[in-house]
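Colleague: Straight run, no breaks: the sequence shown in the numbering used here ends on number 282. C-beta atoms are modelled at their ideal positions from N, C-alpha and C, and glycine is treated no differently. Since this is a predicted model, take the numbers as computed values, not measurements.
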Amino acid sequence: MTNTKLDDFEKEILRKIDNNEPLTEDEIEELLYYSVDSMVVNTGRWVNDKIEIVQLEHRTFSIEWKQGLTENQESLFASQIPVEVKSVTKIIETTEWVKLEK
181 MTNTKLDDFE KEILRKIDNN EPLTEDEIEE LLYYSVDSMV VNTGRWVNDK IEIVQLEHRT
241 FSIEWKQGLT ENQESLFASQ IPVEVKSVTK IIETTEWVKL EK
């Protein structure tokens, strides 16, 4: 795919998202090439439910899909409107009780 086609794809996807238009299954699958992070939210025998974070022109979006886990199980991509997201860094403090050295 040339840079022009790539730019056109990104612009068309952003136009659809901004107009609240659902993306097709093929468009959702194509967005995996723009992934910057991936999370498994549920593990099954045949598929993993995943959330993929994709970046288009300095904007980030969340999409959901199902990853097939065997050679006979295809990955599934549902038509959807990606949700715009931003990263937030959190610090989690924990308390531990340790044995005193004598």
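1. State the DSSP-derived secondary structure class of Arg195, mapped to helix, strand or coil.
2. Which same chain residues end up closer than 8 Å to Trp226 when comparing Cβ atoms and leaving out the 5 residues on each side of it in sequence?
3. In angstroms, rounded to a whole number, what distance separates the CA positions of Lys196 and Gln260?
4. Name the DSSP bridge partner or partners of Gly248?
5. Which runs of the beta strand (DSSP E) spanning at least 3 residues fall entirely within the stretch 249-282, listed in chain order?
Modeller: Walking through what the data contain:
1. helix
2. Gly248, Leu249, Thr250 and Gln253
3. 11 Å
4. Val227
5. 263-265
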